[in-house]
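Asker: Here the sequence shown is numbered in my numbering, starting from 6 and rising by one per residue.
Each residue gets a CB set at the ideal place from its N, CA and C atoms; glycine is no exception.
Nothing here was measured: the structure is a model prediction, and the numbers come from that model.
Shown below is the structure under consideration.
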Amino acid sequence: MKYTLVLIILLSSFAAFSQTDKKLTRQLEKLVEGFNGQVGIYVENLKNGKSAAINPDTLFPTASMIKVSIQCGLMDKIEKGLLKYNQKLVYNDSIVYPGEDILGSFKNNDTIQLSKVALLMITMSDNTASRWLQNLVGGDYVNNWLGENGFINMRINSKVAGRENMYNTYGWGVTTPREMCRLFTMIAKGQAVSEAASERMVRNMGRIYWDDKALSQIPPYVHTISKHGSLNESRSETVLVNAPHGDYVFSVITKNLKDQTWTPDNEAIVLIKNLSSLLWQHFEHKSKWKPPAGIEKYMRNE
């Protein structure tokens, strides 16, 4: 029995090792050399299961990427009949999030469909919309859904009892690169909440306004779902690409950044773009597409 257990462990370890894309791993290691901050990357070829990673299970702040989890909790409530996707909501300006969000410009008692609030949360990353939906769904409800679906680390911290210390360390949400990719893969495969709810989420997540980072390095005619997150000390993005030769998913998350500027040449933003470009060329090495000259002036989504 003892030797059988050892054999099983050895075979499992060998299987995991054999699924590692060693060439891509070396490329990732070279890409992050000298980076002024901490970075986590997870990449998986969904066609053959091979992966490459750097700190894939390290905890990082989600920033706005936690909105994908809120979306899942929302869809779960809709699936159970607790909410309706097209129900009317009445806006209360007490939930406004300081900034330049579209929803924050609404007047008190204006009405809007829940579906449009959900779209604003994902497509525009509207923080007022996200705060509203988190209040509507409940942070504990979202975290319970994550736990029930096997997510160990990904959680909302903001306004959730007992997570004050995690909030002080990671802010709104916490996750790992591997778990971000798993959530995106579940959604893309129709396994998050239900096949119908997953399809609705895919449609929302394929309409991202903030396409000036990772998405700028992928041809516009290739379908993607994505979500980015940005804080002074952290810039991140998760993308699932329906590439011609097989889907792939990747998440790059950073923290403790030395460069906290908000310009296109920010070190972490450049890293995200370079990673996305590297992965497109790795998985679609015969592609002749590249960003056209002069595109930069059309990519300043401020």
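#1: Should the region 117 to 133 be regarded as contacting the region 153 to 168, the criterion being three or more beta carbon pairs within less than 8 Å?
#2: For A310, which of helix, strand or coil comes out of DSSP?
#3: Give a yes or no on contact between the region 253 to 261 and the region 277 to 287, applying the rule of three or more CB pairs nearer than 8 Å.
#4: Could you tell me how far apart the beta carbons of Y146 and N162 are, in whole angstroms, since I believe they sit closer than 8 Å?
#5: Where does E184 sit, in a helix, a strand or coil, going by DSSP?
#6: Answer with buried or exposed for M304, where buried requires no fewer than 16 other C-beta atoms within 10 angstroms of its C-beta.
#7: Between the beta-carbon of W137 and the beta-carbon of I192, is there less than 7 Å?
#8: Looking only at its own chain, which residues have a Cβ that is under 7 Å from the Cβ of T133, when we skip the five neighbours before and after it?
#9: Excluding five sequence neighbours on each side, which residues of the same chain lie with their C-beta closer than 7 Å to the C-beta of Y90?
#10: Since S231 sits in a beta bridge, which residues does DSSP pair it with?
#11: Kindly indicate the opening and closing residues of the beta strand (DSSP E) around V94.
#12: Sort G251, P225, Q286, T259 by Cα distance to M70 and report the nearest one.
#13: Could you tell me the alpha carbon to alpha carbon distance between G85 and M126, rounded to whole angstroms?
#14: Taking all protein chains shown into account, do 16 or more other C-beta atoms lie within 10 angstroms of the C-beta of V48, making it buried, or fewer, making it exposed?
#15: When you compare only the Cα positions, how much space is there between Q24 and F288?
#16: Report the CB separation of V227 from A248 in whole angstroms; it is logged as a contact under 8 Å.
#17: Buried or exposed: which applies to D270, given that a residue is buried once 16 or more other Cβ atoms fall within 10 Å of its Cβ?
#18: Please classify K52: does DSSP put it in a helix, a strand, or coil?
#19: So what does F255 bridge to, in DSSP terms?
#20: Applying the criterion that 16 or more other CB atoms from any shown protein chain within 10 Å of the CB defines a buried residue, is H250 buried or exposed?
#21: With 16 other CB atoms within 10 Å as the buried threshold, where does W267 fall?
#22: Start and end of the alpha helix (DSSP H) containing I277?
#23: Beta-carbon within less than 8 Å of V37's beta-carbon, same chain only, minus the 5 sequence neighbours each way: which residues are those?
Answerer: In brief:
#1: With the cut-off at 8 Å, the region 117 to 133 and the region 153 to 168 do not touch.
#2: Because residue 310 is not part of the residues shown, which for the chain are 6 to 307, the question remains open.
#3: The region 253 to 261 makes contact with the region 277 to 287: 3 or more CB pairs, one atom from each, lie closer than 8 Å.
#4: Wrong, their Cβ atoms sit about 15 Å apart, outside the cutoff.
#5: In the three-state reduction of the DSSP assignment, E184 falls in the helix class.
#6: The C-beta of M304 has fewer than 16 other C-beta atoms within 10 Å across all chains shown, which makes the residue exposed.
#7: W137 places its beta carbon 7 Å or farther from that of I192.
#8: Close CB contacts of T133 within its chain, under the 7 Å cut and outside five residues either way in sequence, are with I100, V101, Y102, D106, L108, G109 (chain order).
#9: Once the five neighbours on either side are set aside, the close Cβ partners of Y90 are I83, L119, S120.
#10: DSSP, once it has assigned bridges, lists V244 as partnering S231.
#11: The question names Val, but residue 94 in the sequence shown is Leu. L94: member of the beta strand (DSSP E) spanning 93 to 95, first to last residue.
#12: When each option's Cα is compared against that of M70, the closest is T259.
#13: Checking the sequence, you will find Lys at residue 85 rather than Gly. CA-CA distance, K85 to M126, rounds to 21 Å.
#14: Only buried fits V48, as 16 or more other CB atoms lie within 10 angstroms of its CB.
#15: In this structure, the CA atom of Q24 is about 16 Å from the CA atom of F288.
#16: For V227 against A248, the beta-carbon gap comes to about 6 Å, under 8 Å, which counts as contact.
#17: When all chains shown are included, D270 counts as exposed.
#18: Residue state, collapsed to three classes: coil.
#19: BP columns for F255 point to V48, V244.
#20: Of the other Cβ atoms in all chains shown, fewer than 16 fall within 10 Å of the Cβ of H250; this residue is therefore exposed.
#21: Exposed, by the Cβ-count rule.
#22: Annotation for I277: the continuous alpha helix (DSSP H) segment containing it runs 272 to 288.
#23: Correct list, in chain order: V44, I46, I59, L276.
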